[in-house]
Every structure is written in C-alpha cells, then in structure tokens.
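Visitor: Questions regarding the structure given below will be posed in turn.
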Amino acid sequence: MHGTINASYGFAILYVVGGNDLIVGLTGLAGFIVLVIINIVLFLINKRSKIGIDEMMKQY
-18 MHGTINASYG
-8 FAILYVVGGN
2 DLIVGLTGLA
12 GFIVLVIINI
22 VLFLINKRSK
32 IGIDEMMKQY
C-alpha cells in the first residue's frame, strides 16, 4: 500500500500541469479531499456493521 501511494504521487507530479503544491497532488487539497471521503465511507460502513471494529479485531 505504501509503495502504491508513493508511485501515484510521482504520476501526479509528472502529469498535473500548473497549480500550486498546496492544491494539486497527493499531499495537496485534492489528496486531502479524497482522504476525507474515504474516511467518511469507512465510518459509515463501520456504523452500519452489526459488530464494531473492536469486536472484529478481537476475532483476529
């Protein structure tokens, strides 16, 4: 997973033209928006689950 994120960041630098580092790329605003969306989806999936994360982790 870590290597995939590092590789995708390189593509963002190569193919995204213009803009500021704070706005484009994985560590910019676009990356943080994606992270927020993923966190919300994971939160909603966990909330709908019959058992919580704590119980899931105890099983393993």
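-18 is the number of the first residue of the sequence shown in this note's numbering; add one for each residue after it.
Note that CB positions come from ideal geometry on N, CA and C, so glycine has one too.
#1: If you draw a straight line from the C-alpha of I14 to the C-alpha of Q40, how long is it?
#2: Could you tell me how far apart the beta carbons of L10 and I19 are, in whole angstroms, since I believe they sit closer than 8 Å?
#3: Go to L10, then tell me how far its alpha helix (DSSP H) extends in each direction, as first and last residue.
#4: Grouping DSSP H, G and I as helix and E and B as strand, with all else coil, what is N1?
Guide: In short:
#1: The count along the sequence shown starts at 1 and reaches residue 14 at position 33. The count along the sequence shown starts at 1 and reaches residue 40 at position 59. Distance between the alpha carbons of I14 and Q40 is about 32 Å.
#2: On the sequence shown, position 29 is the one that residue 10 refers to. On the sequence shown, position 38 is the one that residue 19 refers to. Contact doesn't hold; Cβ gap of about 15 Å is too wide.
#3: Translated into the one-based positions of the sequence shown, residue 10 becomes position 29. Segment 10 to 29, the alpha helix (DSSP H) holding L10.
#4: Taking the first residue of the sequence shown as position 1, residue 1 is located at position 20. The DSSP-derived three-state label of N1 is coil.
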